[in-house]
Structures are given as structure tokens and as C-alpha cells.
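Beneath this line is the structure, given in C-alpha cells, with notes to follow.
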Amino acid sequence: MANRLEGKVAAVTGGDQGIGRAIVERLAAEGADVALCYRSNKAGADEVAAAVQKTGRKAAAVQCDVGKVAEGQRFVDEAVRLLGRIDILVNNAGLERRADFWDVTEPDYDAVLDVNLKGPFFLTQAFVKHRMQAKSGGKVINISSVHEELPFPHFASYCASKGGIKMLTRNLSIELAPLGITINSIAPGAIETPINKKLLNDPVKLKSLLENIPLKRLGKPEDVASVAAFLASSDADYVTGTTYFVDGGLTWNYEEQ
Ligand code: BGC
Numbered sequence: 001m002a003n004r005l006e007g008k009v010a011a012v013t014g015g016d017q018g019i020g021r022a023i024v025e026r027l028a029a030e031g032a033d034v035a036l037c038y039r040s041n042k043a044g045a046d047e048v049a050a051a052v053q054k055t056g057r058k059a060a061a062v063q064c065d066v067g068k069v070a071e072g073q074r075f076v077d078e079a080v081r082l083l084g085r086i087d088i089l090v091n092n093a094g095l096e097r098r099a100d101f102w103d104v105t106e107p108d109y110d111a112v113l114d115v116n117l118k119g120p121f122f123l124t125q126a127f128v129k130h131r132m133q134a135k136s137g138g139k140v141i142n143i144s145s146v147h148e149e150l151p152f153p154h155f156a157s158y159c160a161s162k163g164g165i166k167m168l169t170r171n172l173s174i175e176l177a178p179l180g181i182t183i184n185s186i187a188p189g190a191i192e193t194p195i196n197k198k199l200l201n202d203p204v205k206l207k208s209l210l211e212n213i214p215l216k217r218l219g220k221p222e223d224v225a226s227v228a229a230f231l232a233s234s235d236a237d238y239v240t241g242t243t244y245f246v247d248g249g250l251t252w253n254y255e256e257q
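Spelled out as C-alpha cells, the structure:
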């Protein structure tokens, strides 16, 4: 494995499972020390941190609900205290709630928007202030979704949050460029992770989904992690304000029989 992130420190939200976990492990494998936060899965987070430490890198697991601004700030403060600084922020934590639009409740809307959009907004703000103090640049990577672009009926709040992330990424690419901070998004398609548990256990739904994916398989968390590692590295120094789709071709799949 290339050592593109030697000497760097990364902070990854929702690093205890799924895509976040694969990103933590991949960034560490490329040389970074990593702080990860988790909301409730302490066992998973401790396991990921221990796996990273075994490879000789530093790791710290911090409990935090990124949907609460003060907790996100505390994650940044803790990561800096424990690992010295943060060079790379990965806004990965996310959730979705299925409901017909007319049945969406305010608590469900808030749960989704707080974690998927407000969290990344204010965590990025805390990270940017930290980098300004350090008088140095940095990299922000947002884990968005193909649904920043593609409708997802019955997931209106999720789509609204991901559409918001798309424009936040574009907007901040301009505002943060003078600070030497790049910001990009990754838009995963159907990846085998806990967010998809129901779908993965439903053979009929799974079959119809696979028919929509030109590469004819679900993605793996590692498929997303490798793109995150690229965006976190100096190989991507001239890349900002854009979204990388990691979806097996799902988004633009169209054919007439
Ligand atoms: C969602 C999954 C969905 C996938 C493809 C992801 O953003 O979290 O539930 O299966 O997009 O539609």
C-alpha cells in the first residue's frame, strides 16, 4: 500500500462501521493517524481503533452525536488534544429514514438533516477554524450519495440533506480555496453497509436493484475508501468542489430495449 498519508492526521465521523470504518482503515494503511467518532457503537469503534493501533498508527475513538453542534466541536477538540492536529476531515456519519412524503414527521426530518447536513456544516466550520489557527491548509471529504443528484422516492429528507451537501461542497470550495483547504464529495451508490441492511436481506429488492447497476454488483466499503484516500492525499491537490460517483454506473444507467 502506498504511504501517501504519512505524517497526516485524519478525523472520520461514523468511523465505527460501514463506509466510515473502511475509510479509517484505509487512511491508516496509507500512513495517517486517525481519530474516529461514533454515536452508540462503542464496541465497533474500539475494535476499529485497536485494529489501527496494531498497524503501528495512532487511533482514538470518541463518542459524539455529530447532529449536535457542540458535540461535533468537542470531537474536533478531542482529536486535536489526542493526536496533535487534524489535516483531513471526513464527514461520513449519515442516516436515512424511509417514509411517504406526507407521513414524514418533524423528529425524523430533524434526525436526518441534523446528522447529514447540519453536522458536516458545523464540523467543517470547526475544522476550518483549527486549520486557520495552524496557518495551514487541509482537506475535507464529504460522504454524500448518488441521491445528491438522483431522486429517491420515499426518502425526501435524505435527498434534501444530500442535495444540501452537494451545494455546500461547491460553495466552500471557493470560500476555502484561499486558505489552502480543498473540499470534495464522494457519492456512493448501493454499498454493502448497515444503512442498507433491510435491502440486503430482501432477495427480491436486491435482484431488482442489481438490474439497475451496470457493473452488476453492490459496492464494498473499500470501493469508497480508496477514493477517499486519493482525495485525502496530495495526488488530489488540484481537485476541489467536485463529487466523485462510486456507484457501479447506477446513476447514468439508461437503455432502450
Ligand atoms: C442509500 C441506500 C441506497 C443507495 C442506492 C444510498 O445513498 O443510503 O439506501 O440503496 O443510496 O440507492
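For the sequence shown, this note's numbering assigns the number 1 to the initial residue and increments by one for each residue that follows.
Ideal Cβ placement from N, Cα and C applies to all residues, glycine included.
Fair warning: this is a prediction, and the values are worked out from it, not measured in the lab.
N-terminal and C-terminal residue of the beta strand (DSSP E) that residue i is part of
i: phenylalanine 245; result: 243-246
i: isoleucine 183; result: 181-188
Residues near residue i by beta carbon distance below 6 Å, same chain, minus five either side
i: phenylalanine 101; result: Ala156
i: valine 62; result: Cys37, Phe75, Glu78
i: leucine 33; result: With the sequence shown as reference, residue 33 is identified as aspartate, and leucine is not the correct amino acid for it. These residues qualify, in order along the chain: Val9, Arg57, Lys58, Leu83.
i: glycine 164; result: Leu117
i: valine 227; result: Ile186, Tyr244, Val246
i: alanine 225; result: Ala22, Ile23, Arg26
i: glycine 138; result: Asp87, Arg131, Ile181
i: arginine 170; result: Gly241
i: proline 194; result: Gln17, Gly18
i: leucine 150; result: Thr251
i: glycine 20; result: Val12, Gly14, Asn92
Residues that residue i bridges to, as DSSP identifies them
i: leucine 89; result: Ala11, Val140
i: leucine 36; result: Val12, Ala61
i: isoleucine 191; result: Gly219
Delimiting residues of the alpha helix (DSSP H) encompassing residue i
i: lysine 135; result: From DSSP, lysine 135 is part of no alpha helix (DSSP H); its letter is neither H nor E.
i: leucine 113; result: 106-113
i: alanine 28; result: 18-29
i: glutamine 53; result: 42-54
i: methionine 1; result: Unbroken run through methionine 1: none, as it is neither H nor E.
i: asparagine 171; result: 156-176
i: lysine 68; result: Neither: lysine 68 is in no alpha helix (DSSP H) and is coded neither H nor E.
i: valine 204; result: 203-211
i: lysine 198; result: 197-200
Cβ of residue i within 8 Å of any chain D Cβ
i: isoleucine 191; result: As a matter of chain content, chain D is missing from the structure shown, which is built from one protein chain.
Cβ shell of residue i (< 8 Å), same chain only, five flanking positions each side left out
i: glycine 31; result: Asn3, Arg4, Leu5, Glu6, Gly7, Lys8, Arg57
i: threonine 55; result: Ala28, Ala29
i: leucine 210; result: Lys216, Arg217, Leu218
i: asparagine 212; result: Leu250, Asn253
i: aspartate 258; result: There is simply no residue 258 to check, as the chain begins at 1 and stops at 257 in what is shown.
Proximal residues to residue i (C-beta, below 7 Å), its chain only, five neighbours per side dropped
i: alanine 232; result: Leu5, Ala10, Leu27, Ile88, Lys139, Ile141
i: glycine 72; result: Cys64, Val66, Gly119, Phe122, Leu123, Ala126
i: valine 115; result: Val66, Gly67, Ala93, Gly94, Leu95
i: valine 104; result: Ala156, Ser157
i: glutamine 53; result: Ala59
i: asparagine 196; result: Ala190
i: valine 80; result: Ile86, His130
i: aspartate 108; result: Arg97, Ala99, Ser157
Any non-hydrogen atom of the ligand MN within 7 Å of residue i CB
i: histidine 154; result: With respect to small molecules bound, the structure shown includes the ligand BGC and not the ligand MN.
- Message: Across the stretch 188-197 and the stretch 213-231, are there enough close Cβ pairs to call them in contact, namely three or more that are closer than 8 Å?
- Response: Counting Cβ pairs under 8 Å, three or more are found: they touch.
- Message: Using a Cβ distance threshold of 8 Å, determine whether the stretch 62-71 contacts the stretch 37-52, with at least three qualifying pairs required.
- Response: Short answer: they touch.
- Task: Evaluate the contact criterion for the stretch 140-150 versus the stretch 247-257: three or more CB pairs, one atom per stretch, below 8 Å.
- Result: Result yes; three or more Cβ-Cβ pairs closer than 8 Å.
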